[in-house]
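Structure, as structure tokens:
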Amino acid sequence: MFGEYAGYIIPSYLLTILVIGSVFVWIRLVYRSRRKELEALEAGGLKRRSAVRQEANTRDS
Amino acid sequence: MSDALTEEKRSQGFWAWLTGLANPTRFMALTDAIMPFIASITVLALAAGLYMAFTAPEDYQQGETVLIMFIHVPAAWLAMMCYSVMSLSALGTLVWRHPLADVSLRAAAPIGAAFTLLALVTGSLWGKPMWGTWWVWDARLTSVLVLLIIYLGIITLGRALEEPTQAAKALAVTTLIGFVNIPIIKFSVDWWNTLHQPASVSRFDRPAMDAAFLYPLLIMALAYMLMFFTLHLMNMRNEILRRRIRTLKIRAAEAG
Amino acid sequence: MTSLFFRELKIAWRSGGGALTGVMFFLAVVTVFPFGIGPDLNTLARIGPAVLWIAALLASLLGLDRLFQLEREDGSLDVLLMQEWPMTLVVGIKCLAHWVVTGLPLVLATPIFGLMLNVPPIGIAAAMLTLLAGTPAITLIGAAGAAVTVSLPRGGLLIAILVLPLVIPVLIFGVTATNGAMFDPDPFTAPFMILCALTLFSAVAGPLAAATMLRHSAD
Amino acid sequence: MKVIAENLTVARGERHIVEKVSFSLDSGEALIVTGENGVGKSTLLRAFCGLLPMVAGEVRVENGPPEASLAELIHFLSAKNAMKDSLTVAENLSFWKEFCRSGYAEPGLDPEQALDTLELAHCLDLPFGYLSTGMKRRAALARLLVVRKPVWVLDEPTSGLDARSVDLFSRMLQTFCEAGGILIAATHLPLGLPGAKSLEMKALTATRANDQMAFE
Chain A
556 MFGEYAGYII PSYLLTILVI GSVFVWIRLV YRSRRKELEA LEAGGLKRRS AVRQEANTRD
616 S
Chain B
380 MSDALTEEKR SQGFWAWLTG LANPTRFMAL TDAIMPFIAS ITVLALAAGL YMAFTAPEDY
440 QQGETVLIMF IHVPAAWLAM MCYSVMSLSA LGTLVWRHPL ADVSLRAAAP IGAAFTLLAL
500 VTGSLWGKPM WGTWWVWDAR LTSVLVLLII YLGIITLGRA LEEPTQAAKA LAVTTLIGFV
560 NIPIIKFSVD WWNTLHQPAS VSRFDRPAMD AAFLYPLLIM ALAYMLMFFT LHLMNMRNEI
620 LRRRIRTLKI RAAEAG
Chain C
219 MTSLFFRELK IAWRSGGGAL TGVMFFLAVV TVFPFGIGPD LNTLARIGPA VLWIAALLAS
279 LLGLDRLFQL EREDGSLDVL LMQEWPMTLV VGIKCLAHWV VTGLPLVLAT PIFGLMLNVP
339 PIGIAAAMLT LLAGTPAITL IGAAGAAVTV SLPRGGLLIA ILVLPLVIPV LIFGVTATNG
399 AMFDPDPFTA PFMILCALTL FSAVAGPLAA ATMLRHSAD
Chain D
1044 MKVIAENLTV ARGERHIVEK VSFSLDSGEA LIVTGENGVG KSTLLRAFCG LLPMVAGEVR
1104 VENGPPEASL AELIHFLSAK NAMKDSLTVA ENLSFWKEFC RSGYAEPGLD PEQALDTLEL
1164 AHCLDLPFGY LSTGMKRRAA LARLLVVRKP VWVLDEPTSG LDARSVDLFS RMLQTFCEAG
1224 GILIAATHLP LGLPGAKSLE MKALTATRAN DQMAFE
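Residue numbers (our numbering), protein chains in the order written: chain A, 556 to 616; chain B, 380 to 635; chain C, 219 to 437; chain D, 1044 to 1259.
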């Protein structure tokens, strides 16, 4: 199916999968580590103003 | 009369939705909801594109290497499109003061750089059987290379300026300066290339595009765009988290 | 001392540290050359090694002025000077860290840039080897320049002017060694040995000069 | 252990800034250096630490640890904090703890304990750049605790500190002196150290008018 140029077609597809795949995986890993860090910080008793306001109005609504 | 009203209400609805996006918390909630949906559409488009690409009839002139075109050309288009998204975000920061504009700019830069790198690599792989060398200072490839340098510059500037508000303007202006210069670079590189017309390199023209190749190419381009859209939204969420962590840390310092 | 090395790496990788700016600068310089000289691959192949070396030389000079200036501005230099560790060793470790952040990525990126300049594979291998041996010398000699200009506000530019004449031998032997590998009659091992000798010499002279300069600049 | 400075003289260019200053401090003693700005307090301290070349005079240690030079015995805190903004406070302190460790000096407190004594425990993992000036100064003071050194030379240690932190800091100094430490501090605020010697520095040109130096 790839003919004699297979030596160039396959690497280019592999490289494409590699580059886009690693960007995707990198973004997910960064997301997970930041989510964890955020929870650790918020668990430390520090609320963002908007979160505090949300809790306030959920409490009294 | 009534459809004018509904039209007006719908556009108001759309506008409200857009400004609603400005609030990061709502943006996070919204993107959380539509993320799986967009991801599945991207996968679908990608599958369709690849299927059509691989069942396209063999090109008489280039043989199977046309398969590389299906991933090279969309990557090059995406490199351009991503930069325009960044320039739009730059306008968002400077003109409309949209709070998420800088987030979108910073999030799009690495993805754009990745697509530009892909365009260069697949271009070189495609050119090797044609030109016999891995890299030729062909007008298009060279301007894409210069674009890659501009991307890297913006990413490095973004990493250097950590404090978001002060950095937003600098990033926006740099992006817009780049945007203005891209056509100038493109023109001068073309001119430079024709001026030094190297005899040894046969002028490489895109083959006349008949339908058998156009549709797979367009579908692949659509798939690439959806991929960019997904990655961009995901990276914007990362950027918002980075800023939240930063404000919490500063507040933690003050709370002492 | 290892803590100093890893601290330097950490600072380089943190935001604003500019870890990969050397490689990006290298890419920019290599891209600019053909615009001046023309896209003809044959001419590029001939001058390829020279372009690689000059770009690497300029890239290695990047960030050298920040090597000691940051320490002086935040007051760490005084504490570093007063500790048990000899200042020459401290400078050596900082040069090593700077080289790992700037020089090493250059060597690893040479194949890609070599391809762009149509340098034959043997030339790329030789360029990598000579750069691996040569870039440390540039950082070490540059450190002496950085120490001299540490108290001057616009030290960055002055370093390039002070250091460039001193690294000319490194450049000459680097390029001749690379060309030696590519064109048969020319020798490779002789210039390469001299290049290594130059690096070893600067590994002693650079930090020593820098340490004495820093000790006297702490006013 | 005794630290002696004999007629220290430091010049910048031709002008003498510090002229024939002598003092000697035994373990547990403190010296407070006072005087208006620019009279040469910092120059004296830097010369004492060996950071500045001396025109004349000598600084030596008596019955201190054998082959250690005076500079290795000193914790020097200048007006600047000697901390990196991009690193966290913990990283800064653990680096200094590891780097300033020398043959004979016993390791001091851990970064957490050091910060605790200065009530900065919550800033442990925050980048140093995020802290306010007062907190940065307290974090810089914490460096003195991570490695135990017999001599402290402090230049304006209390700059940027609020009242609460000043008395927190002077308590820290008292415990240091009671434990046999030698302290030299250039400061304006009274540190409330009982029995501290003081050295009043005057602008040189005013007091030395009569016996001008030959070359002046």
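Using N, Cα and C, we set each Cβ at its ideal position, and we do this for glycine too. Keep in mind that this is a model prediction, so the values were computed, not measured.
- In this structure Arg1180(D) does not touch Gly1151(D) by the C-beta definition: roughly 19 Å separates them, more than the 8 Å allowed.
- Rounded to whole angstroms, Leu333(C) and Phe401(C) show a C-alpha spacing of 18 Å.
- Where Lys1240(D) is concerned, there is no enclosing alpha helix (DSSP H), although the beta strand (DSSP E) around it starts and stops at 1240-1243.
- The C-beta of Ile598(B) comes no closer than 8 Å to any C-beta of chain D.
- For Ala632(B), the nearest beta carbon of chain D is closer than 8 Å to its own beta carbon.
- Residue-level contact check: Glu1155(D) does not touch chain C, since none of the beta carbons of chain C fall below 8 Å from its beta carbon.
- A Cβ-Cβ distance of about 7 Å is found for the pair Gly1100(D) and Ala1048(D), placing them in contact under the 8 Å criterion.
- If you draw a 10 Å sphere on the C-beta of Leu574(B), you find fewer than 16 other C-beta atoms in it, and that means exposed.
- For the segment 435-469 of chain B, no residue has a beta-carbon sitting nearer than 8 Å to a beta-carbon of chain D.
- Among the CB atoms of chain B, one or more fall inside 8 Å of the CB of Ala246(C).
- In the structure shown, Asp292(C) adopts coil according to DSSP, grouped into three states.
- Among the residues of the segment 574-605 of chain A, those with a Cβ less than 8 Å away from any Cβ of chain B are Val574, Ile575, Val578, Phe579, Ile582, Arg583, Val585, Tyr586, Arg589, Arg590, Glu592, Leu593, Leu596, Glu597, Gly599, Leu601, Arg603, Ser605, in the order of the chain.
- A distance of 8 Å or more separates the beta carbons of Val325(C) and Ile356(C).
- For the pair Leu596(A) and Leu536(B), the CB atoms are not nearer than the 8 Å cut-off.
- By the neighbour-count criterion, in which 16 or more other beta carbons inside 10 Å mark a residue as buried, Thr521(B) falls on the buried side.
- As the crow flies, the alpha-carbon of Phe558(B) is around 18 Å from that of Trp475(B).
- Beyond the five residues adjoining it in sequence on each side, Gly266(C) comes within less than 7 Å, by CB distance, of Gly332, Leu335, Asn336, Val337, Gly341 in the same chain, given in chain order.
- 8 Å or more divides the Cβ of Pro257(C) from the Cβ of Trp317(C).
- Sequence-ordered contacts of the segment 1162-1176 of chain D with chain B read Glu1162, Leu1163, His1165, Cys1166, Leu1169, Pro1170, Tyr1173, Leu1174, Ser1175 [C-beta pairs closer than 8 Å].
- With the criterion set as a beta carbon lying under 7 Å from some beta carbon of chain D, the members of the segment 275-302 of chain C are Asp292, Gly293, Ser294, Asp296, Val297, Leu299, Met300, Gln301, Glu302, in sequence order.
- Ile1117(D) is not a Cβ neighbour of Lys1240(D), given a cutoff of 8 Å.
- DSSP places Gly1100(D) in the strand class (E or B) of the three-state scheme.
- Interface flag for Gly1093(D) against chain C is set, since a Cβ pair is found closer than 8 Å.
- Close CB contacts of Glu1141(D) within its chain, under the 8 Å cut and outside five residues either way in sequence, are absent.
- Under the 8 Å Cβ criterion, the segment 262-282 of chain C does not count as touching the segment 291-301 of chain C, having fewer than three qualifying pairs.
- Sequence-ordered contacts of the segment 313-337 of chain C with chain B read Leu333, Met334, Asn336 [C-beta pairs closer than 7 Å].
- Remark: fewer than three beta-carbon pairs, one from each stretch, lie closer than 8 Å, so the segment 592-606 of chain B and the segment 548-563 of chain B are not flagged as touching.
- Taking the CA atoms as reference points, Phe286(C) sits about 38 Å from Glu1221(D).
- Residues are counted here when their Cβ sits less than 8 Å from a Cβ of chain A; for the segment 493-509 of chain B these are Ala493, Leu496, Leu497, Val500, Thr501, Leu504, Trp505, Lys507, Pro508, given in chain order.
- Using a 10 angstroms sphere on the CB of Phe1119(D), the tally of other CB atoms reaches 16 or more, which defines it as buried.
- At a cut-off of 8 Å between C-beta atoms, Phe253(C) counts as an interface residue with respect to chain B.
- Exposure of Trp570(B) is indicated by the presence of fewer than 16 other C-beta atoms within 10 angstroms of its C-beta.
- Residues are counted here when their Cβ sits less than 7 Å from a Cβ of chain D; for the segment 606-629 of chain B these are Lys628, Ile629, given in chain order.
- Per DSSP, Trp1195(D) is one residue of the beta strand (DSSP E) stretching across 1194-1198.
- By the neighbour-count criterion, in which 16 or more other beta carbons inside 10 Å mark a residue as buried, Gly373(C) falls on the buried side.
- Per DSSP, Phe223(C) is not a residue of any beta strand (DSSP E); the alpha helix (DSSP H) it occupies stretches across 220-231.
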